[in-house]
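**Student:** Read in numbering that gives the first Met the number 0, the sequence shown has 3 at position 4, and its numbers run on one by one without any break.
First the structure, which I've put down as structure tokens, then a few questions once you've had a look.
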Amino acid sequence: MTEGRSPIDRVSPEDEPAILALNNEHAAELSWLEPERLSFLLGEAFYARRIGALEAFIMTFDQDADYDSPNFLWFRERYQRFVYVDRVVVAAVARGRGHARRLYEDLFEHVARSGQAIVTCEVNADPPNPASDAFHAALGFAEVGDAVIHGGKKAVRYYLRQLA
């Protein structure tokens with residue numbers, strides 16, 4: 000850990016109420032979760048980490064997860080092995096501190112150590128999210144597809160980063 004920066008820690012059951020609150024503050028960008036669904040997803044997660052007392056969190060799944068997200072299933076239909084970034088959230092009071100980048104960099108190390116080589120995610124195209132597009136491009140992600148989901152209510156772009 001760098002001096003003065005909050006550590007990256009594994010998500011524990013005690014973190015779930017705070018994660019739920021932070022997630023649901025951003026339900027428009029992510030998706031609303033009920034407590035039972037969050038517990039289930041965390042149990043399926045390949046990698047779930049938080050920064051500090053919940054300045055930020057990330058939740059990912061590998062190809063073997065029991066997960067029915069249309070975005071996750073899009074990747075499962077096309078890639079034999081991958082890690083899918085389902086959600087990354089940074090609390091409003093913690094923005095601009097590099098937390099999302101730190102979580103992704105830690106994830107990339109974890110993915111490489113596990114023998115995986117592909118990290119995937121999606122970014123909203125409608126409503127557009129140009130800041131997220133630019134962030135993912137800067138991290139080395141490339142667009143590999145797109146879709147309209149939820150009965151036409153949302154359009155997304157699919158991204159992939161191949162690890163060395």
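By construction, the Cβ of each residue, glycine as well, lies at the ideal position given by its N, Cα and C atoms.
According to DSSP, is G144 helix, strand or coil?
**Tutor:** Three-state result, G144: strand.
**Student:** N23: which of P12, F56, E104 sits nearest, CA to CA?
**Tutor:** Of the listed residues, the one whose Cα sits closest to N23 is F56.
**Student:** Under 8 Å, do V82 and D105 count as touching if we go by C-beta distance?
**Tutor:** No.
**Student:** With a threshold of 16 other CB atoms inside 10 Å of the CB of V92, please say whether the residue is buried or exposed.
**Tutor:** The residue in question, V92, is exposed, as its Cβ has fewer than 16 Cβ neighbours within 10 Å.
**Student:** Rounded to whole angstroms, how far is the Cβ of L53 from the Cβ of L21, which I believe are closer than 8 Å?
**Tutor:** The pair is a contact, with the Cβ atoms about 6 Å apart (cut-off 8 Å).
**Student:** If you reduce the DSSP assignment to three classes, tell me which class A111 lands in.
**Tutor:** Reduced to three states, the DSSP call for A111 is helix.
**Student:** Let me confirm a value: R48 is counted as buried when at least 16 other C-beta atoms fall within 10 Å, else exposed. Which label applies?
**Tutor:** It counts as buried.
**Student:** What is the residue span of the beta strand (DSSP E) that N123 lies within?
**Tutor:** Run containing N123: 117-125, per the beta strand (DSSP E) assignment.
**Student:** Inspect the beta-carbon positions of R100 and L29 and report whether they are closer than 8 Å.
**Tutor:** No, Cβ-Cβ distance for R100 and L29 is not below 8 Å.
**Student:** Starting from the N-terminal side, write out each stretch of the beta strand (DSSP E) that is 3 residues or longer and does not extend beyond the region 21-71.
**Tutor:** Within the region 21-71, the complete beta strand (DSSP E) runs of at least 3 residues are 46-50, 55-61.
**Student:** DSSP three-state label for A90, please.
**Tutor:** Looking at A90 - three-state DSSP - the assignment turns out to be coil, as it is neither helix nor strand.
**Student:** If you drop the 5 nearest sequence neighbours on each side, which residues of the same chain put their C-beta closer than 8 Å to that of E15?
**Tutor:** If we look at E15 and ignore the five residues flanking it on each side, its Cβ neighbours are P34, L37, S38, L41.
**Student:** Using a Cβ-Cβ cut-off of 6 Å (strictly less than) and excluding sequence neighbours within five positions of A111, which residues of its own chain qualify?
**Tutor:** Result list for A111: L162, in chain order.
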